[in-house]
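Enquirer:
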Amino acid sequence: MANQAIRTCVLFPDGQLVNCIFKKPLNKPEEGKEQQEKELLPELQQLLQQSVVTSYGRWSYVAPESNTLPPPLPLAVAHVLAGEQGPDVRMAADAEDASSVAAFEANHKADLEGRRAVVIRIPSTDRELVLVPVKARTGKDATITPLYWGYAVPVHLLSLASTVLHYSRLVAVFDLDETLLMAHSGDSLKERIRRNNKTKDAKIGELRSLSSDDGSSSPSRIEQQKQLQAELALLEAEGKLLQQDYEMVDFYRNDPQCRVLVRDPGGGMSVAEPTWEKSRNLQGEEVMRPVVRLELNGKPCWFTRIKPES
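In the numbering used here, the protein residues as written are 701 to 1010.
#1: Touching or not, the stretch 835-847 and the stretch 780-795, by the rule of three or more beta carbon pairs under 8 Å?
#2: Where residue 766 and residue 931 are concerned, what is the direct C-alpha to C-alpha distance, given to the nearest angstrom?
#3: Counting Cβ pairs closer than 8 Å, one from the stretch 758-774 and one from the stretch 736-750, do we hit at least three?
#4: Taking the alpha carbon of residue 863 as the reference point, which residue from 929, 823, 834, 769 has its own alpha carbon closest?
#5: Mapping DSSP to helix, strand and coil, what is residue 863?
#6: Less than 9 Å between the C-beta atoms of residue 1033 and residue 858, yes or no?
#7: So residue 718 and residue 803 are in contact, right, with Cβ under 8 Å, and what is the actual spacing, rounded?
#8: What three-state label does DSSP hand residue 721 in the structure shown?
#9: Do you know whose CA, among 822, 834, 896, lies nearest residue 816's CA?
#10: Do the stretch 885-896 and the stretch 914-929 meet, that is, are 3 or more Cβ pairs less than 8 Å apart?
#11: Starting from residue 757 and walking both ways along the beta strand (DSSP E), at which residues does that stretch end?
#12: Please list, in chain order, all residues of the same chain as residue 648 whose beta carbon is under 8 Å from its beta carbon, the five residues on each side excluded.
#13: Does DSSP classify residue 817 as helix, strand or coil?
#14: Quickly, what does DSSP pair residue 848 with across the bridge? List them, please.
#15: Residue 822: buried (16+ other C-beta within 10 angstroms of its C-beta) or exposed?
#16: Could you spell out where the alpha helix (DSSP H) holding residue 890 opens and where it closes?
#17: Measure from the alpha carbon of residue 986 to the alpha carbon of each residue in 960, 808, 867, 777, then state which is nearest.
#18: Report the rounded CA-to-CA distance for residue 851 versus residue 820, giving the unit in angstroms.
#19: Measure the C-alpha to C-alpha separation of residue 785 and residue 805 and round it to an integer number of angstroms.
#20: Quick one: what does DSSP say residue 796 is sitting in, helix, strand or coil?
#21: Checking contacts by CB at 9 Å: is residue 1001 closer than that to chain B?
#22: What's the gap between the Cα of residue 807 and the Cα of residue 748?
#23: According to the neighbour-count rule (16 or more other Cβ atoms, all chains shown, within 10 Å of its Cβ), is residue 827 buried or exposed?
#24: Helix, strand or coil for residue 706 per DSSP?
#25: Between residue 722 and residue 980, what straight-line distance do the alpha-carbon atoms span, to the nearest angstrom?
#26: So, helix, strand or coil for residue 994, using DSSP?
#27: At the level of alpha carbons, what is the spacing between residue 756 and residue 883?
#28: Assign residue 853 to one of two classes, buried (16 or more other C-beta atoms within 10 Å of its C-beta) or exposed (fewer than that).
Here you go:
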């Protein structure tokens, strides 16, 4: 499929009006299928059809002085936020307008050297078009050409994503129903044990109330008693597991050598030693973090300290 160009004027943040050409990149080819252009958000398509596209401003990542690691490039940040799907559009200067080519190249050079991106808000959406300066080979002769790659990404996330990449950290989402993983501290386990005991006491009260009533043994009453007994058995089993988890976390928290006390299936006890791994604290400073990796009941279980220095 031919790559259709969209011609429009872009108002850069410094006030320069530049004639530009937007092209939609092609998707990755699928076996046996013709290569297709990438689909754009309808709102982005409508935006690029305007006679003048006004930029919102420029964005750059200001790295904290305490972090001495090289800051991430805007291209890497936009690529990650876009889900590694590549750019949504590519913007070039209109080669038929010499003044636009000169203005485009001047802006491109300044943005490339300043590690900046041009941001354009996409109306009626929660996304913005981030135009990142790149140099790419184009045409049959593979000429190196200044371009802007445009990524439609969620608004207000550029700086957050840059910080995450700069500190070499992974963003973890803890799902509330705990279908993916469970994360506990000593305090959170104590709270869960308290709630478990409170619920168990309430169920015991309900069971006693049913047993001490008029002595009726109707099918519905018997069914209620069985249901409560089953719930109590589950709460009892959960309480034992929570107590074991708490004992392991509490031992790890208080042990000077950061070891974990492990209960063997046969009832015996053993101690798991940590490995000390390089990490970074909240200030971006390199620290050694104690990590214990175990396999408990067929599931991976990790122990670490958020603030290893304490």
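We put the beta carbon where it would ideally sit given N, CA and C, even for glycine. Here the structure is a predicted model, which means the values were calculated and not measured.
Expert: According to the data block:
#1: yes
#2: In a straight line, the C-alpha of residue 766 is about 53 Å away from that of residue 931.
#3: no
#4: 769
#5: Residue state, collapsed to three classes: helix.
#6: There is no way to answer for residue 1033, as the model of the chain reaches only from 701 to 1010.
#7: 5 Å
#8: Strand.
#9: Selected option, being the one with the closest Cα: 834.
#10: As far as the Cβ criterion goes, the stretch 885-896 does not touch the stretch 914-929, which means the pair count is below three.
#11: Residues 757-760.
#12: No statement about residue 648 is possible, as the shown extent of the chain runs from 701 to 1010 and does not include it.
#13: strand
#14: 791, 833
#15: buried
#16: Residue 890 -> alpha helix (DSSP H) spans 886-911.
#17: The shortest C-alpha separation from residue 986 is found at 867.
#18: 10 Å
#19: 26 Å
#20: coil
#21: In the structure shown, chain B cannot be found, because there is only a single protein chain.
#22: Those two C-alpha atoms are separated by around 20 Å.
#23: buried
#24: strand
#25: 41 Å
#26: Three-state result, residue 994: strand.
#27: Near 41 Å, if we compare the C-alpha coordinates of residue 883 and residue 756.
#28: buried
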